[in-house]
Structures are given as C-alpha cells and as structure tokens.
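*Asks:* Below is one structure. I have some questions about it.
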Amino acid sequence: SGRAAFAFAACLAFVSAQSVNARRTTKALATHRDHHEPLPTSPKTTEIPSSTHESPNTTTPHPGDHGATPPTPAPKKEPSLNSYNVTEPGSNLTCIMVQATLQVKVNYLTKDNKVKEAVLPLDNLTVVDRAISSCHSPDGEQVLALKFGYNSSLQLSFTKNGTVYLHRINVQFTTDPVNFPDAAKPGQVVTVMNDSFVLYSVPEERSYHCNVDQPVYLGSNVTLDVLNAQLQAFMSVNGTAKTGQFGTAVECSAGDISNIVPIAVGAALAALVIIVLIAYLIGRSKSRQKGYQSV
C-alpha cells in the first residue's frame, strides 16, 4: 500500500508539472504576439474561379486541344455573271460589250513539290480599267481591260479581218498567300500572253453567244474559263454602238469550243495506250521467264 501511495503521488506531481509548463508556453506565445512580429507562416494561395475572370473571347483549352483554334478562313469568292463595256471618250458610243462569267485557273507548284490549282474568279467587284481599254488602239485593235482580285488583270484584244474575233488574251496575277497557299514562289508577279487565237469569230454587227463552258488554255499552266458568254466588238457607229445593245447573236457550235478539250482527250488516250503497252510488255516478259524455268 505504501508503494501504491508513492506511485499515485508521483503521477499527481507529473501531471501538475505538465499543466504548469503548458500555461507558461501559452503565456509566452501570447506575449510574443503582443510585443513582437507575427510568427512566420506559409504564404497563402488564393484560387480565383476561372469562370468569373476569363475573358469572354478566350476559349478554355480541353484535353486533346493542340494550340489555339485556327482562324476561320475568308469565304471563297465565286465568279459572277458580269457585264462590261468600252465607250469612246467624248462621243460616249460603245465599241465593245462583253457579258460573261469568267475565272482564271492556275496550276502552281508548292514548297513540297506538289501541284495545286488556284482559281481566280472575276467576281462582282471586277471593274473596267478605262486607262488601258480602247476603241482605237495604234495597231487597229479594240481592247477591254479588267481589274480584279489581288492586283490581277485581264485584257481581251479584238481585231477584224473579214470577221471580228478575239485574237489576244493577257493575264497578270500575283501568287498571293490567299489564292496560292504554300506556293514555292510566293509574291511572284506572273504575266501570260497568247496572241495566236481566232476565237468567237462573227460578221461585223453580230454578237457571239454561247452558254457552254469554254476553257481557253493560254500556256504556262494558265487557263481562262469562259461561261455564259455574249460579246461583240467593233460595234458600228451607225448601228449597235448607238443603241448600246448586242447585235443579232451567232450561237456557238462544237467547232468554237477551245482546242484544250480535244488535246486533253488525246493526251489521256495516248497515256492509256502507253500504260497498256507497258503492261503487255511486262506480262510477256514474265511469261517468257516462266517458260525458261519450266524448261
């Protein structure tokens, strides 16, 4: 019993000592707060809800997104049926009238040596270049000059020799990044001219009319598409030039269609013949080899 009483007294003394130490520690901390700088604490991190601080034009990326959303490409322009005319200064008499849907197609080389096609439409923003268009050029021609697209131009030169016809076409364009994406030669100014045509030939005071798509190959991988066309040049001073209306139309025939069509068909047939011939020679060579092996 004496030992038990001693143990109880020792425990009571230990608990009393711990209580005193705790009170001293608490008092010291309180004194430290009252008379000294605040105890160091870890920095606070405040999370701002993204829903209340995002810019309205910002798209939050999601898993699987790769960079920013690409900008929406500009709407593709389309060729439109337009009417153009050239008038004599002073008299205001019309010498050339053209109504047509026109577009220029260009096959160009990309940086990775692939061939792509650029389409340059003459849309409803196309205008007549009055400075170049002429009813009386020095060489006796009549010229309709058009400006369209990105620094692009088209000139149609008419002449007459018994009949009136289109004999020269000039096209100029720039390989801009919109119409010629990834071009091997960006920003290049290209001019193509062909003066060997006898197109849309009609008697004087008559107009030429054709609704068939007529691709006219100019050379240098450039083609002028002509659709829904009615045109007339060298309009008579005493006739259609006064009225400003087309003369009686001459409808197009199969012979008027550009020679690019038969050339393309002929080239395709020639390529087919070559392919068949090569396949035949390969097959014959293999059959001979099998014959030698069997012997």
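Reading the sequence shown from the start, the letters are residues -17 to -1, 1 to 278 in mature numbering (1 follows the signal peptide of the UniProt record, and there is no 0).
Here a beta-carbon is modelled for each residue, glycine too, at the ideal position from N, C-alpha and C.
For residue 181, collect the residues of the same chain with a Cβ closer than 7 Å to its Cβ; drop the 5 residues on either side in sequence, then sort them by chain order.
*Replies:* If we look at residue 181 and ignore the five residues flanking it on each side, its Cβ neighbours are 148, 150.
*Asks:* Please classify residue 43: does DSSP put it in a helix, a strand, or coil?
*Replies:* With a pLDDT of 43 at residue 43, under the threshold of 50, the modelled position of this residue cannot be trusted; read the value that follows with caution. Of the three classes helix, strand and coil, the one that applies to residue 43 here is coil, per DSSP.
*Asks:* For the candidate residues 64, 97, 71, whose alpha-carbon lies nearest to that of residue 166?
*Replies:* When each option's Cα is compared against that of residue 166, the closest is 97.
*Asks:* Enumerated in chain order, which unbroken segments of the beta strand (DSSP E) with a length of 3 residues or greater are wholly contained in the stretch 157 to 219?
*Replies:* Correct list: 172 to 177, 182 to 185, 190 to 193, 197 to 202, 205 to 215.
*Asks:* Between which residues of its own chain and residue 128 is the CB-CB distance below 6 Å, once the five residues before and five after are set aside?
*Replies:* These residues qualify, in order along the chain: 112, 115, 116, 138.
*Asks:* Please confirm if the stretch 58 to 69 is in contact with the stretch 169 to 180, defined as three or more CB-CB distances below 8 Å between the two stretches.
*Replies:* Counting Cβ pairs under 8 Å, fewer than three are found: no touch.
*Asks:* Please state whether DSSP places residue 231 in a helix, a strand or coil.
*Replies:* Three-state result, residue 231: coil.
*Asks:* Out of 198, 126, 90, 80, which one is the CA nearest neighbour of residue 291?
*Replies:* Outside the displayed span of the chain (-17 to 278) sits residue 291, for which this structure offers no information.
*Asks:* Return the first residue and the last residue of the beta strand (DSSP E) that residue 84 is part of.
*Replies:* It spans 77 to 92 - the beta strand (DSSP E) in which residue 84 sits, taken as one unbroken run.
*Asks:* Is the stretch 86 to 94 touching the stretch 200 to 214 in the sense that three or more CB pairs, one from each, lie closer than 8 Å?
*Replies:* Yes, the stretch 200 to 214 is in contact with the stretch 86 to 94.
*Asks:* I need the boundaries of the alpha helix (DSSP H) containing residue 114, first residue and last residue.
*Replies:* Neither: residue 114 is in no alpha helix (DSSP H) and is coded neither H nor E.
*Asks:* Do residue 215 and residue 202 have their CB atoms nearer than 8 Å?
*Replies:* Against a cut-off of 8 Å, the Cβ pair of residue 202 and residue 215 comes out as no contact.
*Asks:* Per DSSP, residue 128 forms a beta bridge with which residues?
*Replies:* BP columns for residue 128 point to 138.
*Asks:* Going by the CB atoms, is the gap between residue 140 and residue 126 shorter than 8 Å?
*Replies:* Going by C-beta atoms, residue 126 is nearer than 8 Å to residue 140.
*Asks:* Using DSSP's beta-bridge definition, name the partner residues of residue 101.
*Replies:* Answer is 89.
*Asks:* Below 6 Å CB to CB, which residues in the same chain sit around residue 60 once its five sequence neighbours on both sides are set aside?
*Replies:* 104, 106, listed in sequence order.
*Asks:* Tell me, which residues are paired with residue 148 by DSSP?
*Replies:* 142, per the DSSP bridge assignment.
*Asks:* Please classify residue 162: is it buried, with 16 or more other beta-carbons within 10 angstroms of its beta-carbon, or exposed?
*Replies:* So residue 162 counts as buried.
*Asks:* Using a Cβ-Cβ cutoff of less than 6 Å, which residues in the same chain neighbour residue 264 once the five nearest sequence positions on both sides are dropped?
*Replies:* Excluding sequence neighbours, residue 264 sits near nothing in its chain.
*Asks:* When the Cα of residue 199 is compared with those of 223, 159, 183, 191, which residue comes out closest?
*Replies:* With distances taken between Cα atoms, residue 199 lies closest to 183.
*Asks:* If you follow the alpha helix (DSSP H) that residue 225 is part of, which residue opens it and which one closes it?
*Replies:* Here the alpha helix (DSSP H) through residue 225 covers 223 to 226.
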